[in-house]
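To start, the structure itself, in structure tokens.
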Amino acid sequence: MKPQRHRYAEIGNYSSRNSGLSLSAASAVKIMLVILLLITVPLFFLPGCKKGEEEKVRPKTSAKAIIRHGEAVLTLNESEQEKSGLVVERLKDVFYRQEFQSYGAVLRPDALIDIRNSYLAAQSSSEKAGAVLDASRKEYERLRKLNEDNRNVSDKALQAARAALTSSEADVYAAEGRLQTIKQSASAQWGKALSERIFKGSSEFSRLIDGGDALVSVTLPPGVHVSQAPREIGIEPPGGKPLQARFVTRALSTDPHIQGESFIYLSSSNRTRLVPGMSIEARLAAGPGIKGVSVPSSAIVRRNGQAWAYVQESETRFVRRPVPTEYPLKDGYLVVRGFTAGELIVVKGAQTLLSMESLPGRHEEED
Numbered sequence: 006m007k008p009q010r011h012r013y014a015e016i017g018n019y020s021s022r023n024s025g026l027s028l029s030a031a032s033a034v035k036i037m038l039v040i041l042l043l044i045t046v047p048l049f050f051l052p053g054c055k056k057g058e059e060e061k062v063r064p065k066t067s068a069k070a071i072i073r074h075g076e077a078v079l080t081l082n083e084s085e086q087e088k089s090g091l092v093v094e095r096l097k098d099v100f101y102r103q104e105f106q107s108y109g110a111v112l113r114p115d116a117l118i119d120i121r122n123s124y125l126a127a128q129s130s131s132e133k134a135g136a137v138l139d140a141s142r143k144e145y146e147r148l149r150k151l152n153e154d155n156r157n158v159s160d161k162a163l164q165a166a167r168a169a170l171t172s173s174e175a176d177v178y179a180a181e182g183r184l185q186t187i188k189q190s191a192s193a194q195w196g197k198a199l200s201e202r203i204f205k206g207s208s209e210f211s212r213l214i215d216g217g218d219a220l221v222s223v224t225l226p227p228g229v230h231v232s233q234a235p236r237e238i239g240i241e242p243p244g245g246k247p248l249q250a251r252f253v254t255r256a257l258s259t260d261p262h263i264q265g266e267s268f269i270y271l272s273s274s275n276r277t278r279l280v281p282g283m284s285i286e287a288r289l290a291a292g293p294g295i296k297g298v299s300v301p302s303s304a305i306v307r308r309n310g311q312a313w314a315y316v317q318e319s320e321t322r323f324v325r326r327p328v329p330t331e332y333p334l335k336d337g338y339l340v341v342r343g344f345t346a347g348e349l350i351v352v353k354g355a356q357t358l359l360s361m362e363s364l365p366g367r368h369e370e371e372d
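First residue of the sequence shown? That's 6 in our numbering, and the numbers climb one at a time after it.
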């Protein structure tokens, strides 16, 4: 009987072990289900989260772009304009003349000084000769009257007075001839206007001698001709500040290296020392004038190689127009078509408008 109880005991122990194994398997299944839920639930909500983040990143704007008769028109309310930092200015009429880049040099005043000295010497000789002639003429008249009054003076004395008068007249003629030759030579070399200043000894000539002013010769590029030289030009000495120069005369000779039309201008050298022989660059406005409006560089945006600018048509509408670039200015372009004086042009924030206009899905056609 004892062996039978032992068998039952073994069967009981087996049942107990089998029950423990069943409980462990159930726990494992529960753990796996929990892990599976932890993995699948975030994946289910993740697209929605990403979509929300994208909506937060994407800029919200009610800007609307339309194509009207081939022109892009952008509509922005006042709040969006303020956020974009838009600044507009009114276009103004400008008058433009084409400028030519020219070259020249500061002239030496030595030749002018020589002309002045020669002129003064010839003038002095002419005045002396005139004084001698006046004395000779008076002496001859006195002796002539005495000779006619009962021969109080001999004929020989009268003849000597006549010879002295003739000699004095010849001296005056020669002195005046030398003076005239100097004037003609100076006019042929420097022009009538500058020569007259030399002969008169004007204050401008004195400033030339003292170095307060300087004469510059400017030569146009070959093939460029102007009917009338500009009254004022801008010149730029090496390493110095730009200066203004006033027209004096058309030069009667030219630079042998450039072979173009030459002009002589007068400029003050007080601010920037203009040394004789110094090379300078000059800008000459020549040719017919052109009237248009000035579009500043700050208003220009580029797209597909074309220059554009935005014009404010109303409080909320901005139209993009092409900007012709055939007449460049120092800070922008002279525009003769497509824009009119008085229109409001965007000078700050134009690139922002272009970016808004380029957003996908913004364009609509307007009849």
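Backbone N, C-alpha and C fix where the C-beta goes; we use that ideal spot for every residue, glycine too.
Keep in mind the model is a prediction, meaning the values are calculated, not measured.
Legend entry - Residues sharing a beta bridge with Trp313, DSSP: Val306 and Pro327
Legend entry - Inter-stretch contact (C-beta, 8 Å, three-pair minimum) for the stretch 174-187 and the stretch 219-234: The count of Cβ pairs closer than 8 Å, one atom from the stretch 174-187 and one from the stretch 219-234, stays below three, leaving the stretches out of contact.
Legend entry - Residue nearest to Tyr124 in terms of C-alpha spacing, selected from Asn309, Glu146, Asp160 and Phe204: Phe204
Inset, instruction - Identify which residue in Tyr332, Leu358 and Gly182 has its Cα closest to the Cα of Arg102. - result: Nearest C-alpha to Arg102 among Tyr332, Leu358 and Gly182: Tyr332.
Inset, instruction - Look at the alpha carbon of Leu359 and the alpha carbon of Leu339, and state the distance between them as a whole number of angstroms. - result: Take the alpha-carbon of Leu359 and the one of Leu339: they are about 22 Å apart.
Inset, instruction - Would you kindly work out how many angstroms separate the C-alpha atoms of Pro301 and Trp313, rounded to a whole number? - result: 11 Å
Inset, instruction - Take Gly228 and list the residues in its own chain whose beta-carbon comes closer than 8 Å to its own, dropping the five residues that flank it on each side. - result: Taking C-beta separations shorter than 8 Å and ignoring five residues to either side along the sequence, the partners of Gly228 in its chain run Gly265, following chain order.
Inset, instruction - Given a cut-off of 8 Å, decide if Ile295 and Val341 are closer than it, judged by their beta-carbon atoms. - result: yes
Inset, instruction - Mind listing, in chain order, the continuous alpha helix (DSSP H) runs of no fewer than 4 residues lying wholly within the stretch 75-121? - result: 83-89
Legend entry - CB of Pro114 within 8 Å of CB of Leu213, strictly: yes
Inset, instruction - Verify whether the separation of the beta carbon atoms of Gly206 and Ser273 is less than 8 Å. - result: No, these two residues do not count as a Cβ contact at 8 Å.
Legend entry - For Thr321, the first and last residue of its enclosing alpha helix (DSSP H): Counting along the chain, Thr321 falls outside any alpha helix (DSSP H), and DSSP gives it neither H nor E.
Inset, instruction - Count the other C-beta atoms from every protein chain shown that fall within 10 angstroms of the C-beta of Ala191, then say buried if there are 16 or more, exposed otherwise. - result: Buried.
Legend entry - Ser232 in three-state terms, based on DSSP: coil
Inset, instruction - Compare the beta carbon distance of Leu96 and Ile269 with 8 Å and say whether it is the shorter of the two. - result: no
Inset, instruction - Flag this pair as yes or no: are the beta carbons of Leu271 and Arg251 separated by less than 8 Å? - result: yes
Legend entry - Paired residues, beta bridge with Ala287 - DSSP: Ser107 and Ile240
Legend entry - Closest residue to Pro242 among Ala140, Gly310 and Val223 (Cα-Cα distance): Val223
Inset, instruction - Pick helix, strand or coil for Gln194, following the three-state DSSP scheme. - result: helix
Legend entry - Bridge partners - Tyr338, DSSP secondary structure assignment: According to DSSP, which records beta bridges pairwise, Tyr338 is partnered with Val300 and Pro333.
Inset, instruction - Report the rounded CA-to-CA distance for Leu248 versus Thr321, giving the unit in angstroms. - result: 45 Å
Inset, instruction - Compare the Cα-Cα distances from Ala346 to each of Asp98, Arg73 and Glu85 and report the closest residue. - result: Checking every option, the nearest Cα to that of Ala346 belongs to Asp98.
Inset, instruction - Just mark Gln86 as buried or exposed, buried being the case when its beta carbon has 16 or more other beta carbons within 10 Å. - result: buried
Legend entry - Selected residue, minimal CA-CA separation from Tyr145, among Ala127, Arg156 and Leu170: Leu170
Legend entry - Cut-off 7 Å between Cβ atoms - residues of its own chain near Ile118, not counting five sequence neighbours on either side: Contacts found: Ile214.
Legend entry - Cβ-based burial, Thr357 [other Cβ within 10 Å; buried from 16]: Under the 10 Å beta carbon count, Thr357 is surrounded by 16 or more other beta carbons and is classified as buried.
Inset, instruction - Let me know the secondary structure DSSP gives Asp176 once reduced to three states. - result: In this structure, DSSP gives Asp176 a helical state, which the three-state scheme calls helix.
Legend entry - Paired residues, beta bridge with Leu349 - DSSP: According to DSSP, Leu349 bridges with Arg95 and Gln317.
Legend entry - Beta-carbon gap between Ser284 and Ala110 smaller than 8 Å: yes
Inset, instruction - Mind reading off the beta-carbon distance from Gly196 to Thr254? Whole number of angstroms is fine, and I expect it under 8 Å. - result: 3 Å
Legend entry - Buried versus exposed, by CB contacts within 10 Å (16 or more), Lys7: Confidence in Lys7 is poor, its pLDDT being 44 and thus under 50, which makes the residue's placement too unreliable to answer from.
Legend entry - Collapsed DSSP secondary structure at Ser272 in the structure displayed: strand
Inset, instruction - Give me the Cβ distance between Pro134 and Ala180, rounded to the nearest whole Å; I'm assuming they're in contact under 8 Å. - result: The residue you asked about is not Pro; residue 134 is Ala in the sequence shown. Yes, Ala134 and Ala180 are in contact; Cβ-Cβ is about 4 Å, under 8 Å.
Inset, instruction - Assign Gln164 to one of three DSSP states: helix, strand, or coil. - result: helix
Inset, instruction - Go ahead and label Ala198 buried or exposed: buried means 16 or more other beta carbons lie within 10 angstroms of its beta carbon, across all protein chains shown. - result: exposed
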